[in-house]
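The numbering of the sequence shown is this note's numbering, which starts it at 287 and goes up by one. Beta carbons are placed, not taken as given, at the ideal position from N, Cα and C, and that holds for glycine.
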Amino acid sequence: FGFLVGLCVASLPCLDLPMPSRVAIAVETCYQNVGIALAAALTIFEGSDSAWGVRASLLYGLTITIVLAICLVICWKLGWTLAPPSDPILKVLFSEYQHRFQVCIDKMHR
Numbered sequence: 287f288g289f290l291v292g293l294c295v296a297s298l299p300c301l302d303l304p305m306p307s308r309v310a311i312a313v314e315t316c317y318q319n320v321g322i323a324l325a326a327a328l329t330i331f332e333g334s335d336s337a338w339g340v341r342a343s344l345l346y347g348l349t350i351t352i353v354l355a356i357c358l359v360i361c362w363k364l365g366w367t368l369a370p371p372s373d374p375i376l377k378v379l380f381s382e383y384q385h386r387f388q389v390c391i392d393k394m395h396r
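Below, the structure written as structure tokens:
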């Protein structure tokens with residue numbers, strides 16, 4: 287849900303952002319820091335409540351990682367990232383595409 291909200295807000299015409307930037311904003315919007323949740327659970331709760339808080343934080347972290355990975359694969363295949371949709375997934379995972387960002391900006395302002 288957070289990913290879609292972030293993507294919608296980042297897509298507002300007044301922001302005039304290229305699609306790869308919109309996807310990056312959506313990721314930052316939805317991905318919460320699991321480490322902060324763990325620290326809070328360990329600080330706030332005691333005993334078995336603390337263990338429950340840690341389990342909940344880890345489960346949330348695992349869930350958001352899986353959901354985010356699925357969303358990012360969809361965005362990549364739709365051509366919304368800097369990585370070309372035709373590239374194999376291993377190449378996308380282990381390559382750097384930042385050099386394509388200026389090309390993306392240039393196309394946007396033509």
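I want to see whether chain D comes within less than 8 Å of residue i, judged by CB atoms only; does it?
i: V295; result: As a matter of chain content, chain D is missing from the structure shown, which is built from one protein chain.
Which stretch, first to last residue, makes up the alpha helix (DSSP H) that contains residue i?
i: P306; result: 305-316
i: F380; result: 375-380
i: R341; result: 333-363
i: Q388; result: 387-394
i: L290; result: 288-296
How many whole angstroms separate the CB atoms of residue i and residue j, which I take to be in contact at a CB cut-off of 8 Å?
i: V378; j: W362; result: 6 Å
i: A312; j: L328; result: Contact doesn't hold; Cβ gap of about 30 Å is too wide.
Cβ atoms of residue j and residue i: under 8 Å apart, would you say?
i: V309; j: Y346; result: no
i: A323; j: S336; result: no
i: F287; j: C357; result: no
i: L364; j: R386; result: no
Cβ contact (3+ pairs, closer than 8 Å) linking the stretch 353-366 and the stretch 310-318: yes
Per the contact definition of three or more C-beta pairs closer than 8 Å, is the stretch 380-391 in contact with the stretch 291-309? yes
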